[in-house]
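Structure first, then comments.
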Amino acid sequence: MFPSVLPTYNRADVAFVRGEGPYLYAEDGKRYLDFGAGIAVNAFGHAHPRLVAALTVQAGKLWHTSNLYRVPGQEALSKTLVENTFADTVFFTNSGAEACECAFKMARRYHFVNGRPERFRIITFTGAFHGRTLAGIAAGGQEKYLEGFGPKVEGFDQVPPNDLKALEAVIGPETAALMIEPIQGEGGLHPMPPEFLRALRKLCDDRGLLLIFDEIQCGVGRTGKFFAYEWIGVRPDIMCVAKGIGGGFPLGACLATAEAAKGMTAGTHGSTYGGNPLGMAVGSEAIAMVLEPGFLEHVQKIGGFLRQQLAGLIAEHPTVFEELRGQGLMLGLKLRVPNTEFVATARQHGLLIVGAGENVVRLLPPLIVDEDQVREGIRLLSGAARDFEAKAAQSATVAA
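Residue numbers (the working numbering): 596 to 995.
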């Protein structure tokens, strides 16, 4: 019988019934330490009292009106985002993929209203991930996501990251923008070199192109700054945001300068649910928490502690772990054993982590984790590693 839920996910056979802080509890009562955070979404863990209160209060007032009318929550949250970023304006979406879609359209529209409609191509970088819409998989350019979905949406070109010669060779009269994740998540936890991002900014300024940052995974405090671009001092023209901004509620946003957004006039873009009162209530509380004094400093400090502990773990298990990557609380371990098997083994030990490209596992704990919870995570990772070491020793004995 065909599954009633479309089988597009290779789901683990575990169902969670409640969550509290960094922990999830399954149907059988087993407790898991969640170092995946719903792929970097649950920035404040599960059932955070302030987010629960914000949603509950709003749910008792008003859920949805559409964007046919003013939404006061949008005005408040966009003001906060504008005051604390490079941006002059914000379009709210339900997801990161929709935020990327807005960015693609905005870049094309910018050149259209500038009298250069032939400039529609967007250059992205090998290993990128920009969502699962048809335009998103074309922007990512990964064959595993494109296979079987007909002609690739026209207008996207990929070059290797950190290769300016290859990039300059691809830029042509039809190029509209460059789009990049400051830290690739799905692609294997690759931070882009600061000098490369600065070179992209200069290239865009020199050639009249727009620079789009995809901070869907690395933004909203994940690296220890409000947004990752702050570490390198390179400001984009357009930025895609999602995941942490809703703290678990489906919410995304496309931020832009007034110049980049000047073509997005009434009727050019829209969303039925994007920016609804529920999302705005939760998003406003989430952003208020991130911007409170000491929060980002905590992420930097605990991220440094986790990094230090992981370095010791690699030294302890060199046949399992190969390399540590990432920044803040967006860290990855490149493995010497299959990452899918390691994720499953870690889950058996009670730790939830997420796979990524290049045989990496992602560690994306809630931003509220403390040192004791980090030590617990390291202990569980070590237990999983010992299982692989025991299997290897057993295989060696049999072979001998």
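In this text, a Cβ means the ideal position worked out from N, Cα and C, and glycines have one as well.
Just so we're clear, the structure is a prediction, and the values are computed from it rather than from any experiment.
Are the stretch 800-807 and the stretch 968-977 touching by the rule of at least three beta carbon pairs closer than 8 Å? no
Which same chain residues end up closer than 6 Å to Gly783 when comparing Cβ atoms and leaving out the 5 residues on each side of it in sequence? Ala951, Gly952, Glu953, Val955
Note down, in chain order, each residue of its chain lying with its Cβ closer than 8 Å to the Cβ of Phe821, except the 5 sequence neighbours on either side. Asn679, Thr680, Gly814, Val815, Val885, Leu886, Leu891
Going by DSSP, name the residue or residues bridged to His785. Gln779
Am I right that Tyr618 and Asp629 are in contact with their C-beta atoms under 8 Å? What's the rounded C-beta distance? 6 Å
So what's Asp629 in DSSP terms, helix, strand or just coil? strand
Taking the C-alpha atoms as reference points, what is the distance between Val708 and Gly858? 6 Å
Between the stretch 902-922 and the stretch 774-794, do at least 3 Cβ pairs fall closer than 8 Å? yes
Going residue by residue through the stretch 659-713, where are the continuous alpha helix (DSSP H) segments of at least 4 residues, counting only ones entirely within it? 667-678, 691-708
Here's the rule I'm using: 16 or more other beta-carbon atoms within 10 Å means buried, otherwise exposed. How should Ala851 be labelled? buried
Can you give the Cα-Cα distance for Glu917 and Gly907, rounded to whole angstroms? 12 Å
Using the Cα positions of Arg626 and Gln669, report the straight-line distance between them to the nearest angstrom. 37 Å
Using 8 Å as the Cβ pair cut-off and three pairs as the minimum, do the stretch 644-663 and the stretch 829-837 touch? no
N-terminal and C-terminal residue of the beta strand (DSSP E) that Ile807 is part of: 805-809
I need the DSSP call for Ala951, collapsed to helix, strand or coil. strand
Do Val915 and Arg931 have their C-beta atoms within less than 7 Å of each other? yes
What's the gap between the Cα of Glu573 and the Cα of Ala772? Residue numbering for the chain in the displayed model covers 596 to 995; residue 573 lies beyond these limits and cannot be assessed.
What residue range is occupied by the uninterrupted alpha helix (DSSP H) comprising Met884? 872-885
Short of 6 Å in beta carbon distance, which residues of its chain neighbour Leu792, apart from the five on each side in sequence? Order them along the chain. Ile827, Val829
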